[in-house]
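Chains as they are written, first to last, in our numbering: chain A, 108 to 555; chain B, 151 to 457. Even for Gly, the Cβ is constructed at its ideal location relative to N, Cα and C. This report concerns only the one structure given below.
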Amino acid sequence: MMRNYRNFGSISRRAVMVGGAAAVATRAFGAQGSSALGTPESPVQLRVISDAAYGIAWQASMVPEFNKLYPNIKVTIDPVPYAELLAKIMLDATASQPTYDVIIVDDPWTPQVARTGALLDIRKETAAWTDPGYDWDDFNAAPLEATQWNGVQYGVPLRSNMLLMFVNKTLYKKAGLPEPTPDLTWDQYLEQAPKLVQDTNGDGTIDAWAIDTYFKRDALTPTIWQAILNANGGSLLDKNNKPAFNNEIGVKALKTHIALLKYAPPGGVSHGYSEALQSFRQGQVATSFMWGSVYRNSAVDPKTTTLKPEEVGLQVMPVGSAMAGAHRGIASGTIHAKSPNKQAAWGLLQWFSSKQGEKWHSNALGGFPARKSTLASTPESEWLSPVFKALQQGYDTIEKGKMWRLRHPKSDAVQQVLADAVAAAISGQATAEAALQEAAVKVEKILR
Amino acid sequence: MSSLKAAPVRTWHSRTERLTDFVSRWAFMSPAGLILLAMLAYPILYTFEISFSELDLSTFTATEWVGWDNYAEVLHDTRFWASLKVTGVYLLLSLPLQIVLGFGIAYLVNVEWAGRGVIRALFLIPMVVAPVVAGGVWRMMLDPLYGITNYVLGFVGLGPYDWLGDPWLAMLTVVIIDTWRWTPFVVLIGTAAIMALPRDIFEAAELDGANWWAKLWSITIPLLLPMIAATFIVRWLGAVKMFDIALAATNGGPGASTQVINLFIYEEAFRSLKFAESAAMAVIVLVGTMVLTAIFLRGSRMLEEMH
Chain A
108 MMRNYRNFGS ISRRAVMVGG AAAVATRAFG AQGSSALGTP ESPVQLRVIS DAAYGIAWQA
168 SMVPEFNKLY PNIKVTIDPV PYAELLAKIM LDATASQPTY DVIIVDDPWT PQVARTGALL
228 DIRKETAAWT DPGYDWDDFN AAPLEATQWN GVQYGVPLRS NMLLMFVNKT LYKKAGLPEP
288 TPDLTWDQYL EQAPKLVQDT NGDGTIDAWA IDTYFKRDAL TPTIWQAILN ANGGSLLDKN
348 NKPAFNNEIG VKALKTHIAL LKYAPPGGVS HGYSEALQSF RQGQVATSFM WGSVYRNSAV
408 DPKTTTLKPE EVGLQVMPVG SAMAGAHRGI ASGTIHAKSP NKQAAWGLLQ WFSSKQGEKW
468 HSNALGGFPA RKSTLASTPE SEWLSPVFKA LQQGYDTIEK GKMWRLRHPK SDAVQQVLAD
528 AVAAAISGQA TAEAALQEAA VKVEKILR
Chain B
151 MSSLKAAPVR TWHSRTERLT DFVSRWAFMS PAGLILLAML AYPILYTFEI SFSELDLSTF
211 TATEWVGWDN YAEVLHDTRF WASLKVTGVY LLLSLPLQIV LGFGIAYLVN VEWAGRGVIR
271 ALFLIPMVVA PVVAGGVWRM MLDPLYGITN YVLGFVGLGP YDWLGDPWLA MLTVVIIDTW
331 RWTPFVVLIG TAAIMALPRD IFEAAELDGA NWWAKLWSIT IPLLLPMIAA TFIVRWLGAV
391 KMFDIALAAT NGGPGASTQV INLFIYEEAF RSLKFAESAA MAVIVLVGTM VLTAIFLRGS
451 RMLEEMH
């Protein structure tokens, strides 16, 4: 009996040691032997739905990198155009047997999707599988808050985007203007804009303009107006969730947005994301208010841009009467509450949002990090240093001015109403005052 | 006597035969009928149900009966009426243009000439190009900065025009793209109709000394009128559903100047996630389309009777 006990004790100690080592390996290296994370004979199949703007690159580059650590998790990313993404997410998320384990949601969508009960309380439910080195407090507050709703954390920031001001320094120089700094005000910007509409090669034809950004009827066009509104101290809603934009500040912000059109390329009224991006990348506009994450393809990659990193500046949008401007647009990873592969899904999201994953994402794909430690570090690529600086400025500005879209289960309906109003005013079909008045009535009705 | 006795037997026998025939017919038809009912009627009935209910997005089912509330909301929405007006303008411009161009081209290509078959085959290309691709390509061609259209017009001293930025030109752009896409369909029908016209009437007219114009005005057009009316109805039913071209080329802009009703319904449903209100709009449009189609069909029958 004694011998048996000793033997048992000996085996037990060994088992404890082996088990402990396995547990450490599981957390640190992904537990390649764990069935929840797949085995060579029976790999886990993860399905992810994401915006096509980055989903294709993630499938081509991020998934192979992830599989170096987790070879038994097969990831398939379905890229969907942004305009159709929310509807597809909602239709799938509410199905009895949803297709997707991981849902990449845009900034304002968390309340809508979470309300259906489709999202996992990611911080609580994955605690047992989270690496001790995964530092939640290291995230900047603004990107992490994008997937918080009613006190629950539903996701982690994967692509921390924000509206910033892109600057073509060469065109500023040709116009004889100083390079803008983050202290540039809206008044100064609009004063300089006429000089940035110029004939750069002296053939008598205007070939460069001051600005290109969102002007067309698009759900993201109001974000430009809202950034100006917030910079002037205005907000979309008041404390009672009633529209607060239908006032002097709101009208002034919309008139500023409309005024930009005078200095945009011909046909600017029908320009949005793609057109504005092309104008900037082809060196036709001196500035663009655009999502910062396009920086790499606009300033670095010669396959996609005519500009070079030293020509392109990135900073917060001009300063209004209250502060500088920016606007948050975080793409976050969430896990479906009904996913049978929650641990594997968290394996993917945890790695991609970890310090290691963020650094890889920044260096390989130019993805914007959300972690303070990543932004404070020295990036591998030289061009990323000024970008990191601009990002930190952006996060601080966004947090200070609460610069994000409405966070509400009906945020998309509100965004559509704002898109109609802003587009009507920009195209001259309504005055700024009338457009905002009509939008305020509709928004109040939607939120009632 | 025997013949008197045999009559009820025959009647009974023929009744049994008729019943067997009736049952066997329906037995063969019922699977297809049930599938048709499930595929066609159920979505329509479900749309009706949603339009009178509040839709729970977490289950995608109609929860609370709200009566006419969704309809009242839609009818009080100025954007709904504005998009109906835009649809009306688009239909008024594009349908007559497509019918006149389609039958005109059909008349011209009906003349015997070498290479006619190749031209007819080429006409099919716009119809098979995906609308989103067509919208995108036209968008590039009409771009005020890089597009070939303004470049070419510049040679004859026209332009530059902001095709997608000016509300009226944007509507014209949608009409042009839609006409480019669907006129070949009208040409195909027109060609078949012209080829089916009775030759003897034309021969008789020639003997009477009728010239080209007299034959066209007094014989061809009157004989083609029922077919023109039928083609108009087919195109009307297609055009009233159009939204893909507007989505790809202008996204309803600038402002809401090209936001046709189906684009508005689509956006309200799949972008604003207001499925119940969108269902109400769809029902209103369905009823309106059916009423107008009935009027057009009546007109078409009258034309057939006249000729």
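What span of residues does the beta strand (DSSP E) with residue i cover, start to end?
i	result
residue 434 of chain A	434-442
residue 405 of chain B	Element bounds for residue 405 of chain B: n/a, residue is neither H nor E.
residue 211 of chain A	209-212
Show which residues of chain A have a CB atom less than 8 angstroms away from the CB atom of residue i.
i	result
residue 406 of chain B	324, 527, 530, 531 and 536
residue 205 of chain B	What residue 205 of chain B touches in chain A: nothing, since even the nearest Cβ is about 11 angstroms away.
Listing by chain order, which chain A residues have their CB less than 7 angstroms from the CB of residue i?
i	result
residue 403 of chain B	323, 324, 377, 530 and 534
residue 245 of chain B	Result: empty, since nearest Cβ-Cβ is about 25 angstroms, beyond 7 angstroms.
residue 210 of chain B	201
residue 312 of chain B	373 and 374
When DSSP builds the beta bridges, which residues end up paired with residue i?
i	result
residue 206 of chain B	B/211
residue 316 of chain A	A/392
residue 185 of chain A	A/156
residue 397 of chain A	A/271
residue 333 of chain B	The partner list for residue 333 of chain B (beta bridge, DSSP) is empty, contrary to what the question assumes.
residue 350 of chain A	A/344
residue 426 of chain A	A/292
residue 246 of chain A	A/478
residue 180 of chain A	A/151
Between the C-alpha atoms of residue i and residue j, what's the straight-line distance to the nearest angstrom?
i	j	result
residue 495 of chain A	residue 334 of chain B	55 angstroms
residue 499 of chain A	residue 482 of chain A	7 angstroms
residue 441 of chain A	residue 198 of chain B	35 angstroms
residue 291 of chain A	residue 230 of chain A	40 angstroms
residue 314 of chain A	residue 501 of chain A	31 angstroms
residue 507 of chain A	residue 274 of chain B	58 angstroms
residue 410 of chain A	residue 418 of chain A	16 angstroms
residue 474 of chain A	residue 424 of chain A	20 angstroms
residue 448 of chain B	residue 188 of chain B	30 angstroms
residue 541 of chain A	residue 465 of chain A	45 angstroms
residue 380 of chain A	residue 317 of chain A	16 angstroms
residue 128 of chain A	residue 243 of chain A	Any reading at residue 128 of chain A needs caution, since the residue's pLDDT is 39, under 50, leaving its predicted position unreliable; the model's value is listed next. Going from the Cα of residue 128 of chain A to the Cα of residue 243 of chain A covers about 25 angstroms.
residue 163 of chain B	residue 186 of chain B	34 angstroms
residue 199 of chain A	residue 241 of chain A	30 angstroms
residue 329 of chain B	residue 252 of chain A	49 angstroms
residue 446 of chain B	residue 388 of chain B	14 angstroms
residue 278 of chain A	residue 398 of chain A	20 angstroms
residue 369 of chain B	residue 351 of chain B	8 angstroms
Considering residue i, what are the terminal residues of the alpha helix (DSSP H) in which it resides?
i	result
residue 264 of chain A	Premise fails: residue 264 of chain A lies in the beta strand (DSSP E), 262-275, not in any alpha helix (DSSP H).
residue 421 of chain A	From DSSP, residue 421 of chain A is part of no alpha helix (DSSP H) but of the beta strand (DSSP E) over 419-422.
residue 276 of chain B	275-278
residue 350 of chain B	349-357
residue 316 of chain B	It is not in any alpha helix (DSSP H) - residue 316 of chain B carries neither H nor E in the DSSP assignment.
residue 293 of chain A	293-303
residue 231 of chain B	228-259
residue 551 of chain A	539-554
residue 374 of chain B	371-389
residue 455 of chain A	449-460
residue 337 of chain A	329-338
residue 453 of chain B	425-456
Given that residue i touches chain B, what residues does it touch there, using C-beta distances under 8 angstroms?
i	result
residue 238 of chain A	Near residue 238 of chain A there are no residues of chain B at all, since even the closest Cβ is about 33 angstroms away, more than 8 angstroms.
residue 190 of chain A	421
residue 523 of chain A	417, 418, 421 and 422
Quick one: list the residues of chain D neighbouring residue i, beta-carbon separation under 8 angstroms, in chain order.
i	result
residue 197 of chain A	This model lacks chain D altogether, as its protein chains are A and B.
Counting only Cβ pairs nearer than 7 angstroms, list the residues of chain B close to residue i.
i	result
residue 514 of chain A	Residues of chain B passing the Cβ test: none, with the nearest at roughly 15 angstroms.
Check the Cβ of residue i against every Cβ in chain B and list those closer than 9 angstroms, keeping chain order.
i	result
residue 520 of chain A	418, 421, 422, 423 and 424
residue 194 of chain A	419, 420, 421 and 423
Positions along the region 204-231 of chain A whose CB lies within less than 9 angstroms of some CB in chain B
For chain B, the residues of the region 204-231 of chain A that bring a beta carbon within less than 9 angstroms of one of its beta carbons are 219, 222, 223, 224 and 225, in chain order.
Against chain A, which members of the region 293-318 of chain B pass a CB distance test of less than 7 angstroms?
293, 294, 295, 310, 312, 314, 315 and 317
Any C-beta of chain A within less than 7 angstroms: which residues of the region 218-248 of chain B qualify?
229
By the 8 angstroms beta-carbon criterion, what residues does the region 377-403 of chain B contribute toward chain A?
In summary, the residues of the region 377-403 of chain B whose CB is separated from some CB of chain A by less than 8 angstroms are 400, 401, 402 and 403, in the order they occur in the chain.
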